[in-house]
Each structure stands twice: as C-alpha cells, then as structure tokens.
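Protein chains in written order, with our numbering: chain L, 1 to 113; chain Y, 114 to 224. Have a look at the structure below, then the notes.
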C-alpha cells in the first residue's frame, strides 16, 4: 500500500465546467475525508464517509459539490459549474475509525480561470 | 463555532536555533489534538496525536505538549535544520468525525 493517492495532481478548468477528482485511500481504512485549503487558510472540512455511507457534509459544500464512495473504497468529488472561488487545494485523507491520526494524500490543486 | 488559532503565522530562524509554536483550541468537548507537518508539494505528514491533559510526545528533535484545561498545545523543534522548513498545522477534534485545523505556522530555516 503506497498511502493515499489523489488524481489528478493539478487541474485547470474554465469557469462553468464540471470537474471530478479521485481519491484512493489506504485499503484498511474505513473512513475517508475531503478537505479544501485556500491560500492563507488551514484545511477546511468538506465531507466524510464511513465505508460507503456519507455521514457528514459541511455547510461549505454547496449543491454544486457532490461526493461518492460507491463501494467503500475509492471516492470521487465532483464540482459542477465551477466558479473562480472554487480554486483551492482539495485534500483527501483516510483513517481507521477516526482514531490515531489521518493519512493525507498530496491533494489536487484546482485552478478555475 | 469552533476556532483553532496558531501563532506565529510565520517564522524565520537560523540553522541550529530552537523554536516553538502555539496552538490554542476550545477547552470544552475535547477529544484529540493533532500536529501535522506539510512540506510544499507533499502530503501533510502526521507528527503527533495527543489525547490526555499533560501529554508530552517526542519524535527526534520535535516534541509537543498538551494542556486541555486551558486549551493550548506547544510544538518545539530543537536545533532547527533546513529540512524542518514546512508549514506546521495543528487540528482539534471534539469526536472522531472530523478535524478543525488552524491556519498553520510557516517555518523557514536558513543555513
């Protein structure tokens, strides 16, 4: 297991387009989290899954954002009709039941032009 | 609203200097306090997870202390090296569901 993997590393898209990011967590971890980091801020919680169930969604996550974890393994985060304010680093992390720290991926940097 | 604050925002030190950062967090509903190191173009790396008041943890030249009653944690780096240059993030959790991060302390160590 090589840790948490995120793809793509970078994504540049035009405003109004849809984008999808993928996260492959550590296989033994049942929890998967999505965070977003903008310049000068710490990572902000977006949503998390326990196995395939989405247990919590932040109010930061507008209706344009949707996340799935269909088989309790990898997850996708889709942003529809992107806006310039969506430009950020999107981080994925996994853990075993939230204990003993999270393992983060390297993130997907989204730039909306 | 749960607020986690870190200070200083950034720090420039010479190689060999020792340094410390502060993280303050809500003292109520405490579950755990996490420290991460985040180097540019890499993934955040877990340093410590601390749960007990008075806890002290050490990893090489880096150590951390925890005071849950007053809501603060210190991270110390002894004899800073250029490879310690990174952003150091602390994160508070009230349960196992999610982490609330501070804005980080950006450390630059000059040779």
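Glycine included, every Cβ here is placed at the ideal spot set by N, Cα and C. Remember, predicted model here, so these are calculated numbers, not experimental data.
Contacts with chain L at 9 Å (Cβ-Cβ) include residue 213/Y. With contacts defined by Cβ atoms closer than 9 Å, residue 189/Y and residue 153/Y do not form a contacting pair. Judged by DSSP in its simplified three-state form, residue 197/Y adopts helix. DSSP places residue 192/Y in the coil class of the three-state scheme, outside both helix and strand. Inter-segment contact for the region 118-125 of chain Y and the region 206-222 of chain Y is present: three or more beta-carbon pairs are separated by less than 8 Å. Against chain Y, the CB of residue 41/L has a partner CB under 9 Å away; the residue lies at that interface. The C-beta distance from residue 83/L to residue 76/L rounds to 19 Å, too long to fall under 8 Å, and the pair is not in contact.
Neighbours of residue 159/Y in chain L, taken as residues at a C-beta separation under 9 Å, are given in chain order as 100, 101, 102, 103, 104. With a contact defined as Cβ atoms closer than 8 Å, residue 205/Y and residue 115/Y qualify at about 7 Å. The beta carbon of residue 125/Y does not come within 9 Å of any beta carbon belonging to chain L, so the residue lies off that interface. Assigned with DSSP and collapsed to three states, residue 85/L falls in helix. Each residue's CA atom was taken as its position, placing residue 109/L and residue 87/L some 8 Å apart.
For residue 199/Y, same chain residues with a beta-carbon under 7 Å away, outside a window of 5 residues either side, are 150, 151, 152, 220 in chain order. Within chain L, the residues placing a beta-carbon under 7 Å from that of residue 217/Y are 42, ordered along the chain. Any Cβ of chain Y closer than 9 Å to the Cβ of residue 33/L would place that residue at the interface, and such an atom is present.
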